[in-house]
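Peer 1: Pasting a structure here, questions to come.
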Amino acid sequence: MNTILHFVKKEFLQFKRDPKMFIIILFAPIVQLVFLGYAANMDVENVKTAIIDRNRTTESRLLIEKLEQSGYFSIEYYINDYKEAEKLIEKGKVICVLSFPVDFDTKLSRGESAQLQAIFDGSDGNTASIAAGYMIKLVAEHSQKIVLTARDKSGKALLIPATISAETRNWYNPTLKTRNFMVPAIVGLLLMIVTLILTSLAIVKEKEIGTMEQLIVTPIKPHQLIIGKLIPFTILGMVSVVVVLTAMRVIFNIPVRGSILLLFVSSFFYVLSLLGFGLFISTISKTQQQAMMLSIFVVMLPMTFLSGFSFPIENMPYFIQMVSYLIPLKYFIVIIRGIILKGVGIGILWDEILILFLMGITILYFSSKNFQKKIN
Amino acid sequence: MNNIIEILDLKKNYSSVEAVKGISLEIHKGEMFALVGPDGAGKTTTIRMLTGLISPDSGKLSLLGKNIKENKNFIQNKIGYLSQKFSLYGDLTIDENIEFFAHIHNIFDYSERRNELLEFTRLTPFRDRLADNLSGGMKQKLALACSLIHRPEILFLDEPTTGVDPVSRRDFWKILSGLIKDGITILMTTPYLDEAERCTRVALMNDGKIIALDTPAEIKKSIGKSILEVVCSPSRKAYKIIKESGDLEVQLFGDRLNIMIENRQENIDEIMNIFNQNEIKISGTRIITPTLENVFIHLINN
Chain A
38 MNTILHFVKK
48 EFLQFKRDPK
58 MFIIILFAPI
68 VQLVFLGYAA
78 NMDVENVKTA
88 IIDRNRTTES
98 RLLIEKLEQS
108 GYFSIEYYIN
118 DYKEAEKLIE
128 KGKVICVLSF
138 PVDFDTKLSR
148 GESAQLQAIF
158 DGSDGNTASI
168 AAGYMIKLVA
178 EHSQKIVLTA
188 RDKSGKALLI
198 PATISAETRN
208 WYNPTLKTRN
218 FMVPAIVGLL
228 LMIVTLILTS
238 LAIVKEKEIG
248 TMEQLIVTPI
258 KPHQLIIGKL
268 IPFTILGMVS
278 VVVVLTAMRV
288 IFNIPVRGSI
298 LLLFVSSFFY
308 VLSLLGFGLF
318 ISTISKTQQQ
328 AMMLSIFVVM
338 LPMTFLSGFS
348 FPIENMPYFI
358 QMVSYLIPLK
368 YFIVIIRGII
378 LKGVGIGILW
388 DEILILFLMG
398 ITILYFSSKN
408 FQKKIN
Chain B
572 MNNIIEILDL
582 KKNYSSVEAV
592 KGISLEIHKG
602 EMFALVGPDG
612 AGKTTTIRML
622 TGLISPDSGK
632 LSLLGKNIKE
642 NKNFIQNKIG
652 YLSQKFSLYG
662 DLTIDENIEF
672 FAHIHNIFDY
682 SERRNELLEF
692 TRLTPFRDRL
702 ADNLSGGMKQ
712 KLALACSLIH
722 RPEILFLDEP
732 TTGVDPVSRR
742 DFWKILSGLI
752 KDGITILMTT
762 PYLDEAERCT
772 RVALMNDGKI
782 IALDTPAEIK
792 KSIGKSILEV
802 VCSPSRKAYK
812 IIKESGDLEV
822 QLFGDRLNIM
832 IENRQENIDE
842 IMNIFNQNEI
852 KISGTRIITP
862 TLENVFIHLI
872 NN
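In order, the protein sequence lines correspond to chains A and B. Following this note's numbering, the numbering of the first sequence begins with 38 at its first residue and continues without gaps. Following this note's numbering, the numbering of the second sequence begins with 572 at its first residue and continues without gaps.
Laid out in structure tokens, this is it:
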């Protein structure tokens with residue numbers, strides 16, 4: 038035990054000698070959080086729009102105003118024909134083109150239905166379909182308003198077919214901001230970057246400077262060496278959880294709705310699995326450069342893509358979905374989103390937490406077994 | 572327990588390369604023993620097997636009368652090891668480096684011993700300096716101090732003076748002599764034959780085998796020949812002529828030729844004759860006793 042503590046003391050002494058590194062470890066995650074928090078935004082707002090208004094009446098202008106006021110569309114161009122529209126879309130200047138027919142107002146005043154044409158740039162399918170949804174909703178609202186005004190003006194009850202409307206409410210994230218959804222997941226991502234990379238460098242660094250050879254000859258036991266190496270990174274990892282959560286609260290105003298203690302316990306289990314991966318990389322690499330490449334390409338990128346952080350797992354092919362079950366970040370993202378956004382507790386998250394714990398222990402166990410007090 | 576190290580038929584292969592081809596060796600308590608040989612002779616592999624860094628393929632190894640495998644912990648507390656590159660934590664000071672190595676040997680009242688070692692290696696004035704900022708010679712002395720903090724009974728040194736300046740080398744040897752007086756057994760590897768001459772016994776290694784094992788004096792005697800040293804010019808031409816003339820073994824060292832001779836006068840006359848015939852200018856001759864270098868080259872060539 039004493040040996041481990043002295044090993045930890047040595048590690049922290051070395052941290053102290055390299056304060057720049059220390060600052061990077063603690064503050065880089067905040068910077069990353071801010072960048073990612075603002076950049077990882079899939080909300081569709083201010084869709085750039087061009088208008089072909091062949092009608093040029095108050096009727097057409099009313100609808101254009103409504104679109105603009107909604108905040109979802111921003112009218113950038115008024116153009117005359119489809120040729121211009123094509124050019125604008127091809128250059129990426131607009132995503133949407135809305136065209137009014139010449140007889141837009143006359144049809145409406147006659148009580149007939151008028152047709153509008155909306156064209157969307159489908160190359161970004163996600164944005165196009167969300168924007169189309171907004172367009173349909175806004176036009177429908179507008180048309181209902183026209184009908185009601187017509188009724189009021191005529192002074193007689195027009196026959197209006199009964200309609201059913203569903204009022205949707207989005208729980209936990211009422212405004213459907215992607216940021217609220219992404220930022221907790223970014224905590225998991227940052228924790229991975231900090232602990233995985235540092236751990237993967239830990240043992241290989243001693244190999245590179247040659248001190249490993251000295252350590253092997255001393256009576257220090259392999260488990261003492263490993264634990265002595267991992268404790269400092271566990272502490273650093275947990276400190277960065279505190280730092281990033283605080284930053285999340287202060288900068289993005291996202292509070293933790295659930296139990297902070299549970300959040301820490303599951304972060305700890307998650308960190309265990311990362312330490313395991315890092316340790317494994319460190320034992321098989323010969324140089325720090327190798328270790329770095331392995332952690333980025335073999336662990337970090339697959340983990341990020343398959344964890345459901347950026348793409349929904351449900352949409353992946355069956356085989357890839359199977360692989361994603363082996364990714365600790367997948368479970369941690371469910372847990373951290375659950376605790377922070379929904380405020381749910383162990384009653385609901387127990388299986389994810391248990392899986393994460395078992396994974397952490399297993400990965401760590403096998404990586405430690407792989408470490409031998411020998412040189413090759 | 573006079574034999575502090577016993578090695579019996581030790582073998583080690585690296586994939587298809589036989590690095591150590593079955594060596595046997597006994598080293599006595601208090602010896603300063605050198606494994607000498609060219610690069611790739613198997614010296615480092617041997618010392619790494621002795622320190623437990625790598626496992627032998629076959630053979631028996633015992634230190635302090637105990638089998639290495641079964642008494643790892645006991646042995647690791649009794650040995651010190653200095654690897655080829657003096658590996659230290661560059662971002663720790665001298666004091667902290669020694670402290671760390673004391674701690675992982677479970678020694679906590681180390682400060683007196685540390686002062687003693689720093690005094691001994693004359694590093695006391697630099698004790699707060701980071702190891703990265705030390706000169707090569709000082710780093711090496713610090714590494715030595717680290718490996719002595721737990722008062723080992725056997726000290727293993729793997730090419731301790733390779734890449735160290737001559738002054739530091741002298742210093743280092745003084746320190747080693749002091750250790751021998753304290754009763755420590757030292758086993759070192761070295762490519763330098765002048766260092767080997769200072770040892771109590773020497774094993775000459777080549778190609779994974781021990782080709783000679785004795786005191787330096789006995790090894791030199793074993794050759795049973797004298798050396799005629801001739802300073803001449805052009806020396807390279809002379810070397811070629813003697814070599815091609817047949818029976819004589821000759822070694823070239825700059826402007827000097829060392830020619831092994833058995834029967835003094837007869838051989839000398841013969842050689843002088845050859846030189847005269849080939850118009851080689853001789854500026855001096857003398858008979859010398861063979862150096863380890865002579866013997867070593869002789870043994871490797873045969």
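For glycine and all other residues, C-beta sits at the position ideal for the given N, C-alpha and C. This one's a predicted model, so the numbers in the text were calculated from it and none came from an experiment.
1. Who are the Cβ neighbours of B/ASP699 in its own chain at under 8 Å, not counting the five residues just before and after it?
2. So for B/VAL738, helix, strand or coil by DSSP?
3. Taking 8 Å as the cut-off, decide whether the C-beta atoms of B/LEU719 and B/LEU713 are in contact.
4. Helix, strand or coil for A/ARG206? Go by DSSP, reduced to three states.
5. Between the beta-carbon of A/LEU316 and the beta-carbon of A/SER277, is there less than 8 Å?
6. For B/ASN872, which residues in the same chain have their Cβ closer than 6 Å to its Cβ, ignoring the five residues on either side in sequence?
7. Quick one: give me the first and last residue of the alpha helix (DSSP H) that A/GLY265 is part of.
8. Nearest chain B C-beta to A/LYS85 closer than 8 Å, yes or no?
9. Distance, Cα to Cα, B/ILE749 vs B/VAL607?
10. Is there a Cβ of chain A sitting closer than 8 Å to that of B/GLN711, yes or no?
11. What does A/GLY247 touch in chain B if you count any residue whose Cβ is under 7 Å from its own?
12. Using DSSP's beta-bridge definition, name the partner residues of B/ASN574.
13. Could you name the residues of the stretch 616-642 of chain B whose beta carbon sits closer than 8 Å to any beta carbon of chain A, in the order they occur along the chain?
14. When the distance is taken between beta carbons, is B/SER629 closer than 8 Å to B/GLU577?
15. Is A/ARG188 helix, strand or coil when you go by DSSP?
16. A/VAL371: buried (16+ other C-beta within 10 angstroms of its C-beta) or exposed?
17. Suppose the cutoff is 7 Å on Cβ atoms and the five residues either side in sequence are ignored; what does the same chain contact list for B/ILE794 look like?
18. Our contact map puts A/ILE253 next to B/LEU624 with C-beta atoms below 8 Å; I'd like the distance itself, whole angstroms only.
19. Suppose the cutoff is 7 Å on Cβ atoms and the five residues either side in sequence are ignored; what does the same chain contact list for A/LEU446 look like?
20. Using a Cβ-Cβ cutoff of 9 Å, what residues of the stretch 231-260 of chain A are near chain B? List them in chain order.
21. At a cut of 8 Å, does the stretch 387-404 of chain A reach the stretch 588-601 of chain B through at least three beta carbon pairs?
22. Could you tell me the boundaries of the beta strand (DSSP E) in which A/ALA155 lies?
23. For B/ILE678, collect the residues of the same chain with a Cβ closer than 7 Å to its Cβ; drop the 5 residues on either side in sequence, then sort them by chain order.
24. When we look at the beta-carbon of B/GLY817 and count the other beta-carbons within 10 Å, is it buried (16 or more) or exposed?
25. Can A/SER303 and A/LEU393 be called in contact, C-beta distance under 8 Å?
26. Whose Cβ in chain B lies nearer than 8 Å to the Cβ of A/LEU227?
27. Could you name the residues of chain A that B/HIS599 contacts, counting a contact when the two beta carbons are closer than 7 Å?
28. Please tell me whether, using a cut-off of 7 Å, the distance from the CB of B/THR761 to the nearest non-hydrogen atom of the ligand COA is below it.
29. For B/PRO723 versus B/LYS656, is the C-beta spacing smaller than 8 Å?
30. DSSP state of B/ASN648, grouped into three classes?
31. Taking the alpha carbon of A/SER111 as the point to measure from, which residue in A/LYS85, A/VAL134, A/CYS133, A/GLU127 has its own alpha carbon closest?
32. How big is the Cα-Cα spacing for B/PRO805 and B/LEU823?
33. With the cut-off set at 8 Å, would you say A/VAL81 and A/TYR109 are in Cβ contact?
34. Does B/ILE576 have its Cβ less than 8 Å from a Cβ in chain C?
35. Quick one: complete beta strand (DSSP E) runs, 3+ long, within the stretch 722-783 of chain B?
36. Consult DSSP for B/GLY630 and reduce its assignment to one of helix, strand or coil.
Peer 2: This is what the structure holds:
1. The answer, listed in chain order, is THR664, ILE665, ASP666.
2. helix
3. no
4. Residue state, collapsed to three classes: coil.
5. no
6. none
7. 259-289
8. no
9. Sequence check: residue 749 of chain B is Gly here, not Ile. Straight-line Cα distance between these residues: approximately 22 Å.
10. no
11. Against A/GLY247, the close residues of chain B are SER654, LYS656, SER658, in the order they occur along the chain (beta-carbon pairs closer than 7 Å).
12. B/HIS599
13. ARG619, THR622, GLY623, LEU624, ILE625, SER626
14. no
15. helix
16. buried
17. PRO861, VAL866, HIS869
18. 5 Å
19. The structure shown does not extend to residue 446 of chain A, since chain A is modelled only from 38 to 413, so the question has no answer here.
20. If the cut-off is 9 Å between Cβ atoms, the stretch 231-260 of chain A has GLU243, ILE246, GLY247, THR248, MET249, GLU250, GLN251, LEU252, ILE253, VAL254, THR255, PRO256, ILE257, LYS258 near chain B.
21. no
22. 154-157
23. If we look at B/ILE678 and ignore the five residues flanking it on each side, its Cβ neighbours are ILE720, HIS721.
24. By the Cβ-count criterion, B/GLY817 is exposed, with fewer than 16 other Cβ atoms from all chains shown falling within 10 Å of its own Cβ.
25. yes
26. The premise fails here: A/LEU227 is roughly 26 Å from chain B at the closest Cβ pair, so nothing lies under 8 Å.
27. Simply none; closest approach about 22 Å.
28. What this structure holds is no ligand at all, so the ligand COA is not there to describe.
29. Between B/PRO723 and B/LYS656, the gap from beta carbon to beta carbon reaches 8 Å or more.
30. coil
31. A/LYS85
32. 12 Å
33. yes
34. Among the chains of the structure shown, chain C does not appear; the protein chains present are A and B.
35. 725-729, 756-761, 772-777
36. B/GLY630: strand per DSSP, three-state reduction.
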